[in-house]
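Participant:
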Amino acid sequence: MATGIRAGVIGCGFFAQNHLHAWRDIDDVELVAVCDLDRAKAETAAANFGVPSVYDDAEAMLTSETLDFVDIITTMPTHRPIAELAARCRVPMIVQKPFAPTIEDCRAIVQAAADAGVPLMVHENFRFQGPIRAVRDVLQSGVIGQPFFGRIAWRTAYDVYANQPYLAEEERFLLLDLVIHLADVDRFLFGEVERLTCHTQSIKPGIKGEDSAVLLLRHENGVTSVLDATYSSKRDPDPFPQTLIEIDGSEGSVRLDFGFELTTVSPAGTERRTVEPLLLPWAAKPWHGIQESVLRTQEHWVDCLKAGREPDISGADNLKTYALCEAAYASQSSGQTVDPRVFA
Ligand code: NAD
Ligand code: 89V
Numbered sequence: 002m003a004t005g006i007r008a009g010v011i012g013c014g015f016f017a018q019n020h021l022h023a024w025r026d027i028d029d030v031e032l033v034a035v036c037d038l039d040r041a042k043a044e045t046a047a048a049n050f051g052v053p054s055v056y057d058d059a060e061a062m063l064t065s066e067t068l069d070f071v072d073i074i075t076t077m078p079t080h081r082p083i084a085e086l087a088a089r090c091r092v093p094m095i096v097q098k099p100f101a102p103t104i105e106d107c108r109a110i111v112q113a114a115a116d117a118g119v120p121l122m123v124h125e126n127f128r129f130q131g132p133i134r135a136v137r138d139v140l141q142s143g144v145i146g147q148p149f150f151g152r153i154a155w156r157t158a159y160d161v162y163a164n165q166p167y168l169a170e171e172e173r174f175l176l177l178d179l180v181i182h183l184a185d186v187d188r189f190l191f192g193e194v195e196r197l198t199c200h201t202q203s204i205k206p207g208i209k210g211e212d213s214a215v216l217l218l219r220h221e222n223g224v225t226s227v228l229d230a231t232y233s234s235k236r237d238p239d240p241f242p243q244t245l246i247e248i249d250g251s252e253g254s255v256r257l258d259f260g261f262e263l264t265t266v267s268p269a270g271t272e273r274r275t276v277e278p279l280l281l282p283w284a285a286k287p288w289h290g291i292q293e294s295v296l297r298t299q300e301h302w303v304d305c306l307k308a309g310r311e312p313d314i315s316g317a318d319n320l321k322t323y324a325l326c327e328a329a330y331a332s333q334s335s336g337q338t339v340d341p342r343v344f345a
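Numbering (the working numbering), first residue to last: 2 to 345.
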């Protein structure tokens, strides 16, 4: 019999394996049911993670089980119907990023959860990566003074399509799938954005959407930041999946370079340290930083659920991150600078 916080999982594919491991690591959580349209995947997950109930229909799971929350780890097009179903069943929910195909869908999910009075979190895990937290700690310590410039970069030629073939079919690919992580880190470090310009490119033949983008952002607090990302940068070493960050401030700078090397320059001198993520027992390099962040994200959800607190990455918060990507597409197609706040 379940004794902890009763959790159900919908979607047992590629990335769900990380969620399942992380749930097993959190003492308070008891995985009571898994669901996948492909029943064999749900059966395998149940066998690997000791889950008693298996479903191939989300509605059957949500109406038959008494769940304290559901973790939705399907691909983006299914997020809204499943989230609305969870709201109708009054089950608190986590939805993987990207939240939904359009900002209207995202708003509808936020509204459905609010109307049902259930907590909603988007599984935006990059801001929970240890190295990114280390950058923020330096920023918050004040040693580099007032930040005025930031760059958040993701430049790789990693074959992301091997594990996630659906990405090659997305007409809105890089901004919505990857830059959304960087946009969230950007808000996490520098706050809200008042103006944004974006230029995208499609470099790799045979994919439907853009695979390269550069965004120039001006923040409400005056910080200028640049997000640049691509899956077409052939380099050696390839930094995948490391997010590289540089920030200049009035008194110094902080840089997160390849290999998790963190360099802080301040009036006290230069400090260099390595901020390598934990290699959890179930993790594998080079994914370990993302895998650790999955655990931290899920711990945050459980802490908030227990305390009755809104998660830092609630649905409402993620609308602001998503708005940066909508604004980026609008800027790319109009050639204009856009105020992202009109989309949130
Ligand atoms: P996937 O295709 O490997 O797995 C999705 C699973 O959901 C499939 O097994 C599919 O059968 C199942 N499914 C689809 N519709 C369903 C429904 N209505 N009911 C039950 N099951 C259903 O996809 P993935 O690569 O694991 O991606 C899942 C999500 O995770 C996506 O939103 C993706 O963007 C996200 N993701 C996030 C990260 C990250 O770092 N945060 C990394 C990879 C993927
Ligand atoms: O978030 C994602 O869907 C992943 C990765 C982190 C590699 O971009 O594709």
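By construction, the Cβ of each residue, glycine as well, lies at the ideal position given by its N, Cα and C atoms.
#1: Bridge partners of Met94, per DSSP?
#2: Assuming Arg156 and Thr231 are in contact, meaning their beta carbons sit under 8 Å apart, how far apart are those beta carbons, in whole angstroms?
#3: Three-state secondary structure (DSSP) at Met2?
#4: How is the beta strand (DSSP E) around Ile248 delimited, first residue to last?
#5: Cα separation between Met2 and Glu300?
#6: Are the stretch 313 to 324 and the stretch 106 to 117 touching by the rule of at least three beta carbon pairs closer than 8 Å?
#7: Report buried or exposed for Phe259, applying the criterion of at least 16 other Cβ atoms within 10 angstroms of its Cβ.
#8: Please classify Val343: is it buried, with 16 or more other beta-carbons within 10 angstroms of its beta-carbon, or exposed?
#9: Relative to the C-alpha of Leu263, which residue among Trp288, Val136, Gln147, Asp340 is closest?
#10: Rounded to whole angstroms, what's the CA-CA distance from Thr201 to Ala154? Just pull it up for me.
#11: By a C-beta neighbour count over all protein chains shown, 10 Å radius and 16 as the cutoff for buried, is Gly51 buried or exposed?
#12: Residues in the same chain with beta-carbon distance under 7 Å from Trp302, minus the five sequence neighbours each way, listed in chain order, please.
#13: For Lys307, count neighbouring Cβ atoms within 10 angstroms of its own Cβ and tell me buried if that reaches 16, exposed if not.
#14: If you draw a straight line from the C-alpha of Thr338 to the C-alpha of Thr265, how long is it?
#15: Indicate whether Val71 and Pro53 have their beta-carbon atoms separated by less than 9 Å.
#16: Can you say whether Lys98 is buried or exposed, counting buried as having 16 or more other CB atoms within 10 angstroms of its CB?
#17: Grouping DSSP H, G and I as helix and E and B as strand, with all else coil, what is Ala88?
#18: Just the Cα atoms here: how many angstroms apart are Asp229 and Asn126?
#19: Would you mind giving the Cβ-Cβ distance between Val194 and Leu218, rounded to the nearest angstrom? I have them listed as a contact below 8 Å.
Facilitator: Reading it off the structure:
#1: Val71, Leu121
#2: That pair is a contact at about 5 Å.
#3: Any reading at Met2 must be qualified, since the residue scores a pLDDT of 48, below 50, and its modelled position is unreliable; the value itself is stated next. Three-state DSSP puts Met2 in coil, outside helix and strand.
#4: 245 to 250
#5: Caution applies to Met2, whose pLDDT of 48 falls short of 50 and renders its modelled position unreliable; the value that the coordinates give is listed next. If I take the Cα positions, the gap works out to 23 Å.
#6: yes
#7: exposed
#8: The residue in question, Val343, is exposed, as its Cβ has fewer than 16 Cβ neighbours within 10 Å.
#9: Val136
#10: 14 Å
#11: exposed
#12: Ile95, Met122, Pro312
#13: By the neighbour-count criterion, in which a residue is buried when 16 or more other Cβ atoms sit within 10 angstroms of its Cβ, Lys307 is exposed.
#14: Cα to Cα, the separation comes out at about 33 Å.
#15: no
#16: buried
#17: Here Ala88 sits in helix by DSSP.
#18: The alpha-carbon atoms of Asp229 and Asn126 are separated by roughly 19 Å.
#19: 5 Å
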